[in-house]
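Asker: So the sequence shown is numbered by this note's numbering: it starts at 19 and just counts up by one.
Just so you know, even glycine gets a beta-carbon here, dropped at the ideal spot from N, CA and C.
Computed from a prediction, not measured in an experiment: that's the story for all the values here.
Take a look at the following structure, please.
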Amino acid sequence: MPTITQPLTPGSYFHIYNKGVNGINLFYNSGNYEYFLMLYERHIDPVANTFAWCLLGNHFHLLVRIKEVEEVTEGEDLTGFKNLSGLEGKEKDEKYTLWVSKRFSNLFNAYAQEAR
Numbered sequence: 019m020p021t022i023t024q025p026l027t028p029g030s031y032f033h034i035y036n037k038g039v040n041g042i043n044l045f046y047n048s049g050n051y052e053y054f055l056m057l058y059e060r061h062i063d064p065v066a067n068t069f070a071w072c073l074l075g076n077h078f079h080l081l082v083r084i085k086e087v088e089e090v091t092e093g094e095d096l097t098g099f100k101n102l103s104g105l106e107g108k109e110k111d112e113k114y115t116l117w118v119s120k121r122f123s124n125l126f127n128a129y130a131q132e133a134r
């Protein structure tokens, strides 16, 4: 299956999915599922509305809408978000898109390092 990448632009909807290499399991027990969802809440909830998710043994699916910059609220773990202040227009959107992508990357990397 080819890898399809596109920027996680604000206000857009995405079906995000991932699978284990060679079909190996991503989730081995109920604790793995709980840990993934805890990380998901920490990294993704501040930047995306989740409409559906499905965690299966060897893969997962997420249906999300990336929040607009104005929808991201204070009080969340927004490390790096403050760097957007003072930017406007296309430059702000591009930096925000990169920041959102980094949060998804952080989720996947954090889970991969712990789930074994």
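1. Let me make sure I understand the geometry here. Which of Ile-62, Phe-69, Val-82 has the alpha-carbon closest to that of Ser-123?
2. State the Cα-Cα distance for the pair Phe-45 and Phe-69, rounded to the nearest angstrom.
3. With DSSP run on the structure shown, which of helix, strand or coil describes Phe-13?
4. What are the residues that DSSP puts in a beta bridge with Trp-117?
5. Are the CB atoms of Leu-125 and Leu-57 within a distance shorter than 8 Å?
Answerer: By the coordinates alone:
1. Against the sequence shown, residue 123 aligns to sequence position 105. Per the Cα distances, Ile-62.
2. By one-based count along the sequence shown, residue 45 stands at place 27. By one-based count along the sequence shown, residue 69 stands at place 51. Phe-45 and Phe-69: Cα-Cα distance of roughly 21 Å.
3. Outside the displayed span of the chain (19 to 134) sits residue 13, for which this structure offers no information.
4. Residue mapping note: residue 117 aligns to position 99 of the sequence shown, counting from 1. Answer by DSSP bridge pairing: none, since Trp-117 is not bridged.
5. In the sequence shown, the residue the question calls residue 57 occupies position 39. In the sequence shown, the residue the question calls residue 125 occupies position 107. For Leu-57 and Leu-125, yes; Cβs fall inside 8 Å.
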